[in-house]
Amino acid sequence: PGVPTSLLPSVPHRSPGEEREGAVADRETRLRVVLRVRPLTCTETRRGDRQVVHSLGNGTVHVSAARHEATFGFSAVFDAGASQEAVFEGSGVRQLVELAMDGFSCTVFAFGQTGSGKTYTLMGPLTQVHEKQPAAPGLLGLMQRSFSCLLEQSRSRGSDLALSASYLEIYNEQVRDLLSPGPPCALPLRWSKTRGFYVENQLNVDFESMEAITELLLQEPTTSSLAGSQRRRTSAHALNRHSSRSHALLTIHICSRAVSTHPAPKQGTLCFVDLAGSERVKETGSSGELSVEANNINRSLLALGHCISLLAKPRGKRTHIPYRDSKLTRLLARSLGGSGITLMVACISPSSRCLPETLSTLHYASRARRVTTKPMANRMSPEKLLKTLEEEIQALQLENLSLRQQLCLPRLPMRSTEVPGTPPRVGAWPGWGCRHGPAGLHRPPLEGHPLEEGAPAWPSLYGLLRDFVVENEQLR
Ligand code: ADP
Ligand code: MG
């Protein structure tokens, strides 16, 4: 994130989280840009492609071809020999995970031409993703490594964090939910003063284990016909059989479950963006529907490049940033120019045949190094906390009512205290996300539980919520 923890000043008598927060909060932080050069593929070697990109060490690479000699510098360069683990440890993703746990909005986005290694870097080899082969631990990508780091840290902090995930794709300028069952449908992208750009009605799914989050991403879950990555729009064409035709955004939401209201609970996010490659229509032989896709991909990447160019200017000289030009730039607005912390992993092929795209990626990535954000940890305002609790309770109340109907039980709610042998489980705190119905769905006010304004509302709301959770578990 431009601020590896080892470089942060150490302040005595503060927790590591407070130290990290104090060191980055409200300070201009540069986008951290690292470069990964993949090895030549068998096909490239067989047809005699030359290697035109060479790592010089110390974060620099040199491109040497007939009419091009150029050197580029990045925060780190990983060459063909770099392992997945080396990329995870050297790119700063571990620090991003920690900052997300401290309430920051952190984003990792992989950028580069189709076939340059974006998906490999984020998720590991495609055979693991598409053919459901068991993942070789050494080949796991940045995402799985981050999840395991997150779960480990969460456990070591006494499990006071609620984790949930959402997974979206932007395909042909439509935002689609990759987790919701049934055929993909477009979700509206809205803007509000408090939330910035957000996707309405997106599904958030709670998870507490590596198996659960991996299942969401890669495997066929029991409840929906196809999960995450398998639902992503891909189509075969000349460059890459599995080439992804959509931008995919997986976001992990991290909420502190601390019951105290002072300081207000933190809400961090860790978002992984696998961008579709920028295809030149001529080269990929795309026509018809594919060419529409390619044009939409190019358009949104162009909008992203345009925003990056404008954001790369010093803050005082910046003009209006046209985030609204594409869905992609709207969703990345906070990561790029706002209060987030961002890592860009630029991926390139070393082959002479990819030279024009490689140079374009290197220029794009160099420009991105000048972009700065002003990170700010997200704390839930008391109003929002109250609203969230109310929504959570209302959703549970409706769900419990429907469960009672299915079980032919009386409508009257039974409190946990009335169910013999059911100790209240404080640890069984529901995530904010998963039981939220669609935002904007009108729900009736809570029957028999007027939620009055005023200071003593918290304990009773938390108590009420816990009762509904216990009741829900009993009914299920
Ligand atoms: P992209 O997502 O950018 O289109 P992929 O991640 O699908 O590209 O990679 C294209 C091909 O190159 C795949 O077959 C992948 O397994 C291989 N590949 C990419 N990066 C590496 C690497 N670092 N080591 C070995 N193989 C790689
Ligand atoms: Mg890909």
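All letters in the sequence shown, in the order written, are residues 1 to 476 by UniProt numbering.
Note that the Cβ used here is the ideal one computed from N, Cα and C, for glycine as well.
Computed from a prediction, not measured in an experiment: that's the story for all the values here.
Next on the checklist: With three or more C-beta pairs closer than 8 angstroms as the rule, is the region 309-317 touching the region 143-157?
Outcome noted: no
Checklist entry - Looking at the structure shown, is T57 part of a helix, part of a strand, or coil, going by DSSP? => result For the sequence presented, residue 57 should be read as Gly rather than Thr. Three-state result, G57: strand.
Next on the checklist: Mapping the DSSP letters down to three states, classify H306 as helix, strand or coil.
Outcome noted: helix
Checklist entry - Going by C-alpha distance, which of L401, S349, A110 is nearest S116? => result S349
Item to check | Proximity of G92 and R32 at Cβ, strictly below 8 angstroms | outcome: yes
Next on the checklist: Using the Cβ count rule (16 or more neighbours within 10 Å means buried), how would you classify E98?
Outcome noted: buried
Item to check | Simplified DSSP state of H247, which is helix, strand or coil | outcome: strand
Item to check | Cβ-heavy atom distance, T119 to ligand 2, below 7 angstroms | outcome: yes
Item to check | 6 angstroms CB neighbourhood of R443 in its chain, flanking five on each side removed | outcome: Its pLDDT being 33, under 50, R443 is placed unreliably by the model, and the measurement read from it follows with that caveat. So the list reads Q394, once near-sequence residues are dropped.
Next on the checklist: Short of 8 angstroms in beta carbon distance, which residues of its chain neighbour G340, apart from the five on each side in sequence? Order them along the chain.
Outcome noted: F104, S105, C106, T107, R334, T373, P375
Item to check | C-alpha distance - L275 paired with L304, whole-angstrom precision | outcome: 11 angstroms
Checklist entry - Going by the C-beta, is P314 closer than 7 angstroms to any heavy atom of ligand 1? => result no
Checklist entry - Under a three-way DSSP split, which group does R36 fall into? => result strand
Item to check | Reduced DSSP category for K274 - H, G, I as helix; E, B as strand; rest coil | outcome: Per the sequence shown, the amino acid found at residue 274 is Asp instead of Lys. D274: strand per DSSP, three-state reduction.
Item to check | Inter-residue Cα distance where the pair is G59 and A76 | outcome: 4 angstroms
Checklist entry - Does the Cβ of D79 lie closer than 7 angstroms to at least one heavy atom of ligand 2? => result no
Checklist entry - Do you know how far the Cα of L40 is from the Cα of residue 478? => result This structure cannot settle anything about residue 478, because the visible part of the chain is limited to 1 through 476.
Checklist entry - For ligand 2, is there a heavy atom less than 7 angstroms away from the beta-carbon of D160? => result no
Next on the checklist: In the DSSP assignment, the alpha helix (DSSP H) including Y120 goes from what residue to what residue?
Outcome noted: 118-123
Item to check | Which of helix, strand or coil DSSP assigns to F147 | outcome: helix
Next on the checklist: Which residues does DSSP list as the beta-bridge partners of K327?
Outcome noted: Paired residues: none, contrary to the question.
Next on the checklist: Below 8 angstroms, how does it come out for the region 350-366 and the region 67-76: are there three or more Cβ pairs, yes or no?
Outcome noted: yes
Item to check | Sub-8 angstroms separation of L403 and R476 beta-carbons | outcome: yes
Next on the checklist: Which residue marks the beginning of the beta strand (DSSP E) containing residue 479, and which one marks its end?
Outcome noted: Residue 479 lies beyond the stretch modelled for the chain, which goes from 1 to 476, so this question has no answer here.
Checklist entry - Which two residues bound the contiguous alpha helix (DSSP H) that contains L189? => result That residue, L189, is in no alpha helix (DSSP H); its beta strand (DSSP E) goes 189-192.
Checklist entry - Between the beta-carbon of T121 and the beta-carbon of R245, is there less than 8 angstroms? => result no
Next on the checklist: Applying the 10 Å Cβ sphere with the 16-neighbour rule, what's the burial state of K327?
Outcome noted: buried
Next on the checklist: Let's test the definition: count the other Cβ atoms within 10 Å of the Cβ of S192 and tell me whether it reaches 16, buried, or not, exposed.
Outcome noted: exposed
Checklist entry - Should Q405 go down as buried or exposed, given a rule of 16 or more other Cβ atoms within 10 Å for buried? => result exposed
Item to check | Bridge partners - I348, DSSP secondary structure assignment | outcome: V37
Next on the checklist: Using the three-state DSSP reduction, which class does L168 fall into: helix, strand or coil?
Outcome noted: strand
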